[in-house]
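Structure, as structure tokens:
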Ligand SMILES: Cc1cc2nc3c(=O)[nH]c(=O)nc-3n(C[C@H](O)[C@H](O)[C@H](O)COP(=O)(O)O)c2cc1C
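Numbering (the working numbering), first residue to last: 6 to 359.
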């Protein structure tokens, strides 16, 4: 039996303002800026992280923080970071309805070329009508979104495939006659999808290399991993899985818990409400528990405690079959350094990372 790969570490990068919590407590206002992102990327690489992963946003969520309202576009962001690093793999996140696949094929091939094939693509279908209103676009019905995203990925894979065949495609969204885009990447870029629904899972199983999941708890993860793995296996494929935990640790669990309570006490209720309202297509009412969870971590799975406890939770995530964690942190530069000092040695001792 082949030995399982260690847990891959990634950073869910703060290329948008006020990540990760929807709160005025613990803000690092300049964190979204490029020089900060570059230092974080280089620090992550020096600590042995394998992936950087951004958020794509076109407008913020209002409130006092205008959560995610100021952001760096993720293909141009990746271009600079790929040249500022040597080994780490860097994803861009692209909203399918905003770009023609011929354009992303060219951008992706350029990023692959300038980085020695270290670039990957995360496709998102979009979920905020307020965001799309700025572009005169209407969100498709949920299943149609993923039909379009499937067409988008098939075209990209065709254009990037080194078999040299021209791409011909006709669907409700695209018409491509004798499509070609040169150069092609030397190897096929990794394609990820960050969706959680049955539509998203079915598409990811058929067409993607990675499923970026949001799990409500560690206990829920094995079922999520098994579901996507079984669907992929049925297609003769393997899809890797990743989640994005929010790591909050202090010398004692009590101190970590107190910090979480401060974040929640200072939550930006208006921004959290707008976020939830957009993602649930305007359903409008949310219980306080859900709003506090979103405010605490922006939807990431909170891992709380002292360093040993957080490492234990990461081991449990690994044992549930997850391949990678894209971590979010309060103050990325400070906390990545602390991760290297406090948590990485424990994970190494446990045999979870190399
Ligand atoms: C890890 C992760 C990252 C995501 N990143 C983005 C993003 O950058 N931009 C975006 O508009 N949506 C993003 N999403 C939202 C998803 O694309 C998707 O719309 C949402 O999870 C709802 O899932 P569903 O479409 O399967 O219902 C992300 C989701 C996850 C889990």
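Glycine included, C-beta positions come from ideal geometry on N, C-alpha and C.
Query                                                                                                                       : Result
Under 7 Å: does the beta carbon of residue 218 sit that close to some heavy atom of ligand 1?                               : yes
From 315, 47, 122 and 163, pick the residue whose C-alpha is nearest to that of residue 330; which is it?                   : 315
Reducing DSSP to helix, strand and coil, say where residue 193 ends up.                                                     : coil
Residue 138 to residue 144, Cα distance in whole Å?                                                                         : 9 Å
Give the straight-line distance between the Cα atoms of residue 352 and residue 358, rounded to the nearest whole angstrom. : 6 Å
Could you check whether the Cβ of residue 204 sits closer than 7 Å to any heavy atom belonging to ligand 1?                 : yes
Would residue 24 pass as a contact of residue 303 if the rule is Cβ separation under 8 Å?                                   : yes
When the distance is taken between beta carbons, is residue 116 closer than 8 Å to residue 80?                              : yes
My output table needs one value for residue 322: the three-state DSSP class, helix, strand or coil.                         : helix
Reducing DSSP to helix, strand and coil, say where residue 85 ends up.                                                      : helix
At the level of alpha carbons, what is the spacing between residue 264 and residue 212?                                     : 41 Å
Runs of 3 residues minimum, wholly inside the stretch 229–284: which ones carry the beta strand (DSSP E) assignment?        : 245–248 and 250–254
Out of 345, 307 and 349, state which residue places its alpha-carbon closest to the alpha-carbon of residue 26.             : 307
In angstroms, rounded to a whole number, what distance separates the CA positions of residue 173 and residue 320?           : 46 Å
Could you give the DSSP three-state label for residue 199: helix, strand or coil?                                           : coil
Check residue 162 in the structure and name its three-state DSSP category.                                                  : helix
Give a single yes or no on whether residue 125 has its beta carbon closer than 7 Å to a heavy atom of ligand 1.             : no
Pull up the CB-CB distance for residue 309 and residue 229, whole angstroms please, since I reckon it's below 8 Å.          : About 21 Å; that fails the 8 Å criterion.
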